[in-house]
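**Student:**
2 protein chains.
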Amino acid sequence: MIKVIIIGSGNVAQHLINAFQTTQNSGHPIELVQVYARNKETLLHLVAPNKITTNYSDLQEAHLYILAVSDDALPEVSNALPFSNRLVAHTSGSAPITVLNDRNKRAVFYPLQTFTKNKAITFKTIPICLETENSADFETVKQIASLLSDQAIAINSQQRKALHVAAVFANNFTNHLYQLANAICQEHQVPFGILEPLIQETAQKIQHITPQQAQTGPAKRKDATTIEAHLEFLTDQNQQNIYTLLTQSIQKNGKKL
Amino acid sequence: MIKVIIIGSGNVAQHLINAFQTTQNSGHPIELVQVYARNKETLLHLVAPNKITTNYSDLQEAHLYILAVSDDALPEVSNALPFSNRLVAHTSGSAPITVLNDRNKRAVFYPLQTFTKNKAITFKTIPICLETENSADFETVKQIASLLSDQAIAINSQQRKALHVAAVFANNFTNHLYQLANAICQEHQVPFGILEPLIQETAQKIQHITPQQAQTGPAKRKDATTIEAHLEFLTDQNQQNIYTLLTQSIQKNGKKL
Ligand SMILES: NC(=O)c1ccc[n+]([C@@H]2O[C@H](COP(=O)([O-])OP(=O)(O)OC[C@H]3O[C@@H](n4cnc5c(N)ncnc54)[C@H](OP(=O)(O)O)[C@@H]3O)[C@@H](O)[C@H]2O)c1
Ligand SMILES: NC(=O)c1ccc[n+]([C@@H]2O[C@H](COP(=O)([O-])OP(=O)(O)OC[C@H]3O[C@@H](n4cnc5c(N)ncnc54)[C@H](OP(=O)(O)O)[C@@H]3O)[C@@H](O)[C@H]2O)c1
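Residue numbers (our numbering), protein chains in the order written: chain A, 656 to 912; chain B, 656 to 912.
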């Protein structure tokens with residue numbers, strides 16, 4: 656039986672707790688033995704009270720401790736752990752493995768997905784990016800991640816950094832474009848919902864063809880008349896700036912301007 | 656029996672032909688009586704040869720003629736039609752209804768989706784944006800569109816223009832962000848496919864919450880350390896410019912800078 660302990664009670668911690676408990680309940684050789692939270696109340700809807708501790712000194716023995724706390728808190732929390740030479744992983748896309756105190760054997764257990772509390776998600780398809788300081792520990796994290804997901808992959812710190820930056824473009828910035836589209840719709844009294852099938856299809860297309868092949872629109876066609884009409888239609892300077900920069904970037908095929 | 660004729664043989668024409676034939680074959684009171692193409696060959700895999708004409712003067716009588724040709728060709732093609740006072744629609748998101756020759760009764764039949772040849776798509780969920788010059792004709796286009804889609808909606812020219820600009824943000828620009836993410840992955844030897852579940856989840860989230868509620872990431876958190884690290888990590892000036900502008904826009908919540 657592999658024993659896991661999760662430290663934290665936020666978005667990622669709660670989704671991991673859920674995923675581990677589901678895996679455990681379906682008979683896999685894994686046990687979420689304990690969870691640490693600063694406030695016990697935040698986890699009472701998910702975990703039996705006797706399994707939640709608010710005290711680092713009560714932490715039991717486990718094969719892996721997963722620190723799903725804010726990036727900024729990683730040094731403090733890993734310093735506070737009252738043991739050494741055990742396997743400790745963080746779940747951050749951007750923090751290096753070395754942010755963790757080196758009294759313990761360090762690892763990264765980064766689920767590449769956007770988590771929101773109360774929004775269920777299937778862990779099976781989420782890539783879990785794994786790194787260990789000592790190669791001897793890799794099999795342990797790989798085995799644990801493989802119980803949760805079909806995509807447990809070795810990703811070093813440099814690759815993880817690239818993935819994190821790429822994810823900012825593909826997730827944070829994309830979502831912001833949805834917000835701008837929403838604002839344009841609101842300004843002209845059309846329901847944003849009309850764009851939903853288009854948004855889903857845009858995301859699904861790249862499962863079959865590359866984004867380069869999927870590119871369409873006035874920028875790609877170098878349709879100067881439509882581009883000019885759009886820029887005139889936009890009443891917001893910020894939207895105009897973004898329209899211009901992304902249009903130029905499409906026309907340069909994403910290369911340096 | 657409602658009779659429809661499609662002019663054109665490109666992406667939209669072929670998807671419309673497919674949708675009309677499927678609807679007709681499932682017993683609905685609609686008939687695709689004829690199709691016009693400059694080159695008959697482009698449609699032979701879809702339509703019986705005797706139903707394809709390459710000659711405007713051979714066009715039969717129909718309740719609706721749908722001009723699914725390039726925006727630029729709309730004046731020329733609508734001028735070439737050898738009849739008057741019939742109902743003629745274009746399928747463009749950006750062309751005004753007045754681009755069509757006024758010898759005929761003008762309409763717009765704009766399916767708000769991104770079409771690629773050879774990529775099947777369910778028409779049922781695609782919003783079809785409808786406009787007619789004369790209100791007496793609206794019921795006809797509405798009835799026809801409703802046979803293809805569950806979302807046949809009245810959208811005037813100003814609203815359609817807003818939708819088209821919004822679609823550039825939500826589709827063309829979003830796809831370009833995928834391309835930039837892909838480039839960053841390639842540069843650092845990580846497969847772009849790892850980002851796929853994230854991209855799908857980002858698109859799906861806004862079916863449940865607004866883009867504003869869904870926004871996460873270093874820009875939203877005003878996490879200056881991570882933003883700086885990302886900008887340093889990017890080796891491409893164009894990517895840096897886009898990162899900076901979109902980060903600022905998220906921090907101003909999409910408002911004027
Ligand atoms: N959200 C995502 O989509 C996502 C995806 C992949 C990876 N990650 C990474 O996962 C980690 C957690 O992110 P999250 O989204 O779950 O964050 P979150 O929802 O904001 O939760 C942060 C957690 O850290 C705890 N915490 C903060 N400071 C602490 C301290 N000094 N001592 C002890 N605990 C502390 C918080 O406790 P309180 O509740 O008591 O404040 C909370 O449980 C981060 O490294 C993040 O980069 C996030
Ligand atoms: N693609 C989309 O995602 C999409 C979505 C919604 C609306 N629309 C609109 O739908 C319309 C058609 O777009 P599309 O994507 O189907 O374009 P497309 O694939 O490029 O096809 C254009 C069609 O127009 C024909 N054509 C061009 N010039 C012509 C002329 N002078 N005389 C007769 N035929 C001519 C072409 O004939 P040849 O094959 O002989 O060149 C071809 O059949 C446009 O108004 C577009 O804005 C497109």
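By construction, the Cβ of each residue, glycine as well, lies at the ideal position given by its N, Cα and C atoms. In this text the structure is predicted, and so the values were computed from the model without any measurement.
Can you grab the Cα-Cα spacing for the pair Thr-787/A / Ile-752/A, in whole Å?
**Tutor:** Indexing the first sequence from 1 puts residue 787/A at position 132. Indexing the first sequence from 1 puts residue 752/A at position 97. Cα to Cα, Thr-787/A sits roughly 8 Å from Ile-752/A.
**Student:** Would you be able to state if there are at least three C-beta pairs under 8 Å between the segment 847-854 of chain B and the segment 857-872 of chain A?
**Tutor:** With a cut-off of 8 Å, the segment 847-854 of chain B and the segment 857-872 of chain A count as touching, because enough Cβ pairs lie within range.
**Student:** Is the beta carbon of Ala-723/B less than 8 Å from the beta carbon of Val-667/B?
**Tutor:** Start at 1 with the first residue of the second sequence, and residue 723/B comes out as number 68. Start at 1 with the first residue of the second sequence, and residue 667/B comes out as number 12. In this structure, Val-667/B lies closer than 8 Å to Ala-723/B by Cβ.
**Student:** Would you identify the three-state DSSP class for His-863/A, choosing helix, strand or coil?
**Tutor:** Taking the first sequence and counting its residues from 1, the one referred to as residue 863/A is at position 208. Here His-863/A sits in coil by DSSP.
**Student:** In its own chain, which residues sit with a C-beta less than 7 Å from the C-beta of Thr-678/A, not counting the 5 before and 5 after it?
**Tutor:** To locate residue 678/A, count along the first sequence from 1; it is residue 23. Same-chain partners within the cutoff: Ile-685, Leu-802, Leu-803.
**Student:** By Cβ distance, which residues of its chain are closer than 8 Å to Glu-842/A, with the 5 residues on each side in sequence left out?
**Tutor:** Translated into positions along the first sequence, residue 842/A becomes position 187. Result list for Glu-842/A: Thr-890, in chain order.
**Student:** Taking only heavy atoms of ligand 2 into account, decide whether any of them is closer than 7 Å to the Cβ of Ala-728/B.
**Tutor:** Position 73 of the second sequence, counting from 1, holds the residue named residue 728/B. Yes, Cβ of Ala-728/B sits closer than 7 Å to a heavy atom of ligand 2.
**Student:** Kindly list, in the order they appear in chain B, the residues whose Cβ is closer than 9 Å to that of Asn-827/A.
**Tutor:** For the purposes of this step, residue 827/A is taken as the residue at position 172 of the first sequence. Within 9 Å Cβ-Cβ: Thr-857, Gln-870, Thr-871, Gly-872, Pro-873, Ala-874, Lys-875, Leu-901, Thr-902, Ile-905.
**Student:** Where DSSP assigns a beta bridge to Lys-760/A, which residues make up the other side?
**Tutor:** The sequence position of residue 760/A within the first sequence is 105, counting from 1. According to DSSP, which records beta bridges pairwise, Lys-760/A is partnered with Leu-742/A.
**Student:** To the nearest angstrom, how far is the alpha carbon of Ala-913/B from that of Thr-771/A?
**Tutor:** In the structure displayed, chain B extends from 656 to 912; residue 913/B sits before or after that span and is not available.
**Student:** Using three-state DSSP, classify Val-732/A as helix, strand or coil.
**Tutor:** Against the first sequence, residue 732/A aligns to sequence position 77. Looking at Val-732/A - three-state DSSP - the assignment turns out to be helix.
**Student:** Is Val-659/B close to chain A, meaning its C-beta is less than 8 Å from at least one C-beta of that chain?
**Tutor:** Your numbering for residue 659/B matches position 4 in the second sequence. Taking Cβ atoms only, chain A never reaches closer than 8 Å to Val-659/B, which makes this a no.
**Student:** For Val-845/A, name the three-state secondary structure that DSSP assigns.
**Tutor:** As a working note, residue 845/A is residue 190 in the first sequence. Looking at Val-845/A - three-state DSSP - the assignment turns out to be coil, as it is neither helix nor strand.
**Student:** Would you check if the distance between the CB atom of Leu-701/A and the CB atom of Ile-672/A is smaller than 8 Å?
**Tutor:** If you number the first sequence from 1, residue 701/A lands on position 46. If you number the first sequence from 1, residue 672/A lands on position 17. Closer than 8 Å, so yes.
**Student:** If we ignore side chains and look at the alpha-carbon of each, how far apart do Asp-878/A and Gln-870/A end up?
**Tutor:** As a first step, residue 878/A must be located in the first sequence, where it is residue number 223. As a first step, residue 870/A must be located in the first sequence, where it is residue number 215. Distance between the alpha carbons of Asp-878/A and Gln-870/A: 14 Å.
**Student:** Would the segment 731-739 of chain A count as touching the segment 709-719 of chain A if we require 3 or more Cβ pairs under 8 Å?
**Tutor:** Verdict: yes, contact present.
**Student:** Does DSSP put Ile-776/A in a helix, a strand or coil?
**Tutor:** Here residue 776/A corresponds to residue number 121 of the first sequence, with the count starting at 1. Coil.
**Student:** According to the Cβ coordinates, are Leu-742/A and His-718/A closer than 8 Å?
**Tutor:** The residue you call residue 742/A lines up with position 87 of the first sequence. The residue you call residue 718/A lines up with position 63 of the first sequence. Result yes, Cβ atoms of Leu-742/A and His-718/A sit closer than 8 Å.
**Student:** What are the residues in the segment 661-676 of chain A lying within 8 Å of chain B by C-beta distance?
**Tutor:** Going along the segment 661-676 of chain A in chain order, one finds no residue with a Cβ nearer than 8 Å to chain B.
**Student:** Going along the chain, which unbroken runs of the alpha helix (DSSP H) with 4 or more residues stay wholly within the segment 802-859 of chain A?
**Tutor:** Listed in chain order, they are 812-822, 829-842.
**Student:** In whole angstroms, what separates the C-alpha of Thr-829/A from that of Ile-897/B?
**Tutor:** Looking up residue 829/A in the first sequence gives position 174. Looking up residue 897/B in the second sequence gives position 242. Their Cα atoms are separated by approximately 12 Å.
**Student:** Please say whether Leu-755/A and Arg-761/A have beta carbons closer to each other than 8 Å?
**Tutor:** By 1-based counting over the first sequence, the position of residue 761/A is 106. By 1-based counting over the first sequence, the position of residue 755/A is 100. Their beta carbons are under 8 Å apart, which means Arg-761/A touches Leu-755/A by this criterion.
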